[in-house]
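Number of protein chains: 2
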Amino acid sequence: MQIPPKPTDAELEILRVIWQHGSSTVRQINDILNEKKTVGYTTTLKLLQIMTQKEIVRADKSDRSHVYTSLLKEEETQLHLMDQLLQAAFGGSAKKLVMQALGNGKTSQSELDEIKLLIKQLERGAE
Amino acid sequence: MQIPPKPTDAELEILRVIWQHGSSTVRQINDILNEKKTVGYTTTLKLLQIMTQKEIVRADKSDRSHVYTSLLKEEETQLHLMDQLLQAAFGGSAKKLVMQALGNGKTSQSELDEIKLLIKQLERGAE
DNA sequence: AAAAATATACGAAACTTTTCGTAATAAAAG
DNA sequence: CTTTTATTACGAAAAGTTTCGTATATTTTT
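These protein sequences, in sequence, are chains V and L. Letter 23 of the first sequence, counting from 1, is numbered 222 in this note's numbering, and no numbers are missing. Letter 58 of the second sequence, counting from 1, is numbered 257 in this note's numbering, and no numbers are missing.
Structural data, given as structure tokens:
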């Protein structure tokens, strides 16, 4: 599959656990998911099996407890999802999206500084 | 329903038509949708009926061709969807999302200027 | 070695979303 | 007035997503 398939909400939750904690077993993933909400063990297992079939994750079966690794890179997936929202809800206007994202005033000064730096670099690089 | 329900992809496409063209009939909405892809008339009708039930749109039935009006405001919906993506994919870091959105370098100078202005205002307003 | 705990496989139910066919009705054209 | 066209109502199929129960197998504990 050339273009990475858009993960569903439940799949994304699992991906985030793997991105944050590295390759993990079903038990590890399910435990972390259960810190936030109740999810049955076999539910998580089934999701991972489906994700394996979709080639979103890969299962290392050398041990009895299979170890799952993400086949999607975090930043690529974020970019993909962001771009899809950009088109679907903002008609492709990154400006609108950015201003909505910053508008609530919850972004710290140091983060704003990083964004300003990026903008400077973009302005420098633009011909 | 206190919090506006998150519209589905197909619902969002319809909302965008209404936001852009104002209150419209099924025929008008379906024609515009069909500029981009083939969609059956009754499919669009059914969606609008479901959206009416969900209180996403309101149907004015005084004429035979019902006229549908959005009950969701464009900016509120964008904010809602953006926030949901922010949490689900970026762990709440607006900085990461913004940098991904601007990173491709497709944002024009004048738009960057507007963003810079917003950041200045945020910095001024921050205590 | 028996019992208990842990793991995977897998079917299927419950739910949501999307799509469309058919029927009924109303309006317009002939 | 009759035929054609346009519209809504509605059921339901098709597809996708999420959840979990049960069966089976393996490992660990007693």
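By construction, the Cβ of each residue, glycine as well, lies at the ideal position given by its N, Cα and C atoms.
Closest by C-alpha distance to residue i, when choosing among the options
{"i": "V:Val-256", "options": "V:Leu-321, V:Trp-218 and V:Leu-301", "result": "V:Trp-218"}
{"i": "L:Thr-241", "options": "L:Thr-224, L:Thr-306 and L:Glu-254", "result": "L:Thr-224"}
{"i": "V:Leu-246", "options": "V:Ser-309, V:Pro-206, V:Leu-285 and V:Leu-296", "result": "V:Pro-206"}
{"i": "V:Leu-214", "options": "V:Thr-243, V:Thr-237 and V:Gly-239", "result": "V:Thr-243"}
{"i": "V:Ile-249", "options": "V:Asp-230, V:Ser-292 and V:Glu-210", "result": "V:Glu-210"}
{"i": "V:Glu-212", "options": "L:Arg-323, L:Gln-308, L:Glu-274 and L:Gly-290", "result": "L:Gly-290"}
{"i": "V:His-279", "options": "L:Leu-284, L:Ile-318, L:Glu-310 and L:Gln-277", "result": "L:Leu-284"}
{"i": "V:Glu-234", "options": "V:Val-216, V:Ser-309, V:Thr-251 and V:Lys-294", "result": "V:Val-216"}
{"i": "L:Arg-226", "options": "L:Glu-254, L:Tyr-267 and L:Lys-236", "result": "L:Tyr-267"}
{"i": "L:Thr-306", "options": "V:Thr-251, V:Lys-294, V:Asp-230 and V:Ile-228", "result": "V:Lys-294"}
{"i": "V:Thr-251", "options": "V:Ser-269, V:Ser-264 and V:Ser-222", "result": "V:Ser-269"}
{"i": "L:Ser-222", "options": "L:Leu-232, L:Gly-324, L:His-265 and L:Lys-236", "result": "L:His-265"}
{"i": "L:Asp-208", "options": "L:Gln-277, L:Gln-308, L:Lys-319 and L:Asp-259", "result": "L:Gln-277"}
Rounded distance between the beta-carbons of residue j and residue i, thought under 8 Å
{"i": "V:Ala-300", "j": "L:Met-281", "result": "6 Å"}
{"i": "V:Val-238", "j": "L:Ile-314", "result": "39 Å between Cβ atoms; not a contact."}
{"i": "L:Gly-321", "j": "V:Leu-311", "result": "The displayed chain sequence assigns Leu, not Gly, to residue 321 of chain L. With 8 Å as the limit, L:Leu-321 and V:Leu-311 qualify as a contact, their Cβ atoms being about 7 Å apart."}
{"i": "V:Lys-253", "j": "V:Pro-204", "result": "6 Å"}
{"i": "L:Gly-324", "j": "V:Gly-324", "result": "Contact doesn't hold; Cβ gap of about 30 Å is too wide."}
Interface flag, residue i vs chain L, CB-CB below 8 Å
{"i": "V:Glu-351", "result": "The shown model of chain V, from 200 to 326, leaves out residue 351 of chain V, and the question about it has no answer."}
{"i": "V:Gln-252", "result": "no"}
{"i": "V:Asp-208", "result": "yes"}
{"i": "V:Gln-299", "result": "yes"}
{"i": "V:Lys-245", "result": "no"}
{"i": "V:Thr-306", "result": "yes"}
{"i": "V:Ala-288", "result": "yes"}
{"i": "V:Ile-217", "result": "no"}
{"i": "V:Leu-311", "result": "yes"}
{"i": "V:Leu-232", "result": "no"}
{"i": "V:Ile-314", "result": "yes"}
{"i": "V:Lys-205", "result": "no"}
{"i": "V:Ile-255", "result": "no"}
{"i": "V:Ile-249", "result": "no"}
{"i": "V:Ile-228", "result": "no"}
Bridge partner(s) assigned by DSSP for residue i
{"i": "V:Val-256", "result": "V:Ser-269"}
{"i": "V:Ser-223", "result": "V:Tyr-267"}
The alpha helix (DSSP H) enclosing residue i, as first and last residue numbers
{"i": "V:Glu-313", "result": "308–324"}
{"i": "L:Glu-212", "result": "208–220"}
{"i": "L:Gly-302", "result": "293–302"}
Closer than 8 Å to chain V by CB, residue i
{"i": "L:Lys-295", "result": "yes"}
{"i": "L:Met-200", "result": "The pLDDT assigned to L:Met-200 is 46, lower than 50, so where the model puts this residue is not dependable; a value taken from the coordinates is nonetheless given after this. So no, L:Met-200 is outside the interface."}
{"i": "L:Lys-272", "result": "no"}
{"i": "L:Ile-213", "result": "no"}
Closer than 7 Å: residue i CB and nearest the ligand MG heavy atom
{"i": "V:Asn-229", "result": "Judged by which ligands are present, the structure shown has none, so any question about the ligand MG falls away."}
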